[in-house]
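> If you count the sequence shown from 1, you need to add 663 to reach the numbering used here.
No residue lacks a Cβ here, since even glycine has one placed at the ideal position from N, Cα and C.
Nothing here was measured: the structure is a model prediction, and the numbers come from that model.
Next up is a structure, given as structure tokens.
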Amino acid sequence: MKLHLVNGVNNMVVRYKELPWKYVEVDDFLPTDVFNSLLKYCKDLGVDTPVERTLTVDIEDKPLRNSINEVANELFNSTYKELDTEGKIRYKHNIHFHLQFREPHHNYPLHTDISDKLYTIVLYIYPEVADGTPLYNSNKDYHSTIEWAQNRAMAFCPVQTKGSETFHAVTNNSDANRAALVINYMK
Numbered sequence: 664m665k666l667h668l669v670n671g672v673n674n675m676v677v678r679y680k681e682l683p684w685k686y687v688e689v690d691d692f693l694p695t696d697v698f699n700s701l702l703k704y705c706k707d708l709g710v711d712t713p714v715e716r717t718l719t720v721d722i723e724d725k726p727l728r729n730s731i732n733e734v735a736n737e738l739f740n741s742t743y744k745e746l747d748t749e750g751k752i753r754y755k756h757n758i759h760f761h762l763q764f765r766e767p768h769h770n771y772p773l774h775t776d777i778s779d780k781l782y783t784i785v786l787y788i789y790p791e792v793a794d795g796t797p798l799y800n801s802n803k804d805y806h807s808t809i810e811w812a813q814n815r816a817m818a819f820c821p822v823q824t825k826g827s828e829t830f831h832a833v834t835n836n837s838d839a840n841r842a843a844l845v846i847n848y849m850k
């Protein structure tokens with residue numbers, strides 16, 4: 664496994680991973696005050712109350728959204744070229760933000776993301792302890808898990824090309840909601 668550390672990107676710790684496919688794992692993704700504001704925003708939306716099915720919510724708080732966008736763009740600009748194994752054109756892109764509250768004991772099966780996504784960031788928000796993100800190789804064999812930690816993010820360029828697919832799943836085996844912020848850079 665090849666490991667690179669990128670320092671100076673907003674105090675985040677970025678680790679490049681090569682297997683089972685290229686991605687970065689990022690600790691301290693958001694500055695503490697911004698993360699705490701995001702966590703409070705989620706609590707104000709009721710993240711503490713288990714939902715019956717996955718709930719997707721937009722971030723309506725513009726200053727919070729702008730702060731997150733600034734950090735996301737820093738990560739995108741510093742890692743996209745290294746992660747883009749397909750040479751996707753990025754001249755124009757739209758950024759979509761949404762919070763996902765996954766209900767207790769809900770698992771989203773093994774999948775790859777749609778090819779219109781140039782780059783995806785998933786930020787772990789709530790609870791303090793939860794299931795991480797299982798990663799699989801192109802044969803759909805389990806490889807490893809990005810362990811859950813609050814304010815940890817993973818970022819990758821979704822690939823559907825045979826033999827280099829970015830297979831992953833979403834798991835929530837707890838009694839609490841699993842809250843994550845998903846940021847997609849779309850073609």
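Report yes if the CB atom of Thr775 is closer than 8 Å to the CB atom of Glu715, and no otherwise.
No, the Cβ-Cβ distance between Thr775 and Glu715 is not below 8 Å.
> Using only the alpha-carbon positions, how far apart do Tyr686 and Leu746 sit?
A straight line joining the alpha-carbon of Tyr686 with that of Leu746 spans about 6 Å.
> Looking only at its own chain, which residues have a Cβ that is under 7 Å from the Cβ of Leu773, when we skip the five neighbours before and after it?
Non-local beta-carbon contacts of Leu773 in its own chain, meaning distances under 7 Å to residues more than five positions away in sequence, involve Tyr799, Lys803, Phe830 and Ala832 in chain order.
> Can you tell me which of Gly709, Thr783, Thr712 and Leu762 puts its alpha carbon nearest to the alpha carbon of Asn740?
Thr783
> Who pairs with Ile644 in a beta bridge, going by DSSP?
Here the chain has residues from 664 to 850 only, and residue 644 is not among them.
> For the structure I just gave you, are there three or more beta carbon pairs, one from the segment 707 to 725 and one from the segment 758 to 768, closer than 8 Å?
yes
> On the CB-based measure, 16 or more other CB atoms within 10 Å of its CB, does Ile731 come out buried or exposed?
buried
> What is the DSSP secondary structure of Val845, reduced to helix, strand or coil?
Val845 sits in a strand when the DSSP states are folded into three classes.
> Measure the beta-carbon distance from Ala793 to Cys705 and round it to whole angstroms, keeping in mind my assumption that it falls under 8 Å.
Going by Cβ atoms, the distance from Ala793 to Cys705 rounds to 13 Å, so no, they are not a contact pair.
> Can the beta-carbon of Pro821 be found less than 8 Å from the beta-carbon of Lys780?
In this structure, Lys780 lies closer than 8 Å to Pro821 by Cβ.
> Closer than 6 Å by C-beta to Tyr743: which residues in its own chain qualify, once you throw out the five before and the five after it? Chain order, please.
Tyr782
> Please state the DSSP three-state secondary structure of Ser778.
For Ser778, the three-state secondary structure derived from DSSP is coil.
> If you count every other CB in all the chains shown that lies within 10 Å of the CB of Gly671, and 16 or more means buried, which is it?
Summary for Gly671: the model assigns pLDDT 46, below 50, so the residue's position carries little reliability, and this model does not support an answer.
> With the cut-off set at 8 Å, would you say Met675 and Val697 are in Cβ contact?
no
> Classify Lys825: buried if its beta carbon has 16 or more other beta carbons within 10 angstroms, exposed otherwise.
exposed
> Look up Glu688 in the DSSP assignment and say whether it is helix, strand or coil.
Here Glu688 sits in strand by DSSP.
> Considering only their Cβ atoms, is the gap separating Pro726 from Ala839 smaller than 8 Å?
no
> Quick one: grab the DSSP three-state call for Arg728.
Residue state, collapsed to three classes: helix.
> Look up Ala818 in the DSSP assignment and give the residues it is bridged to.
Residue pairing by DSSP places Ala818 opposite Val687 and Ile784 in a beta bridge.
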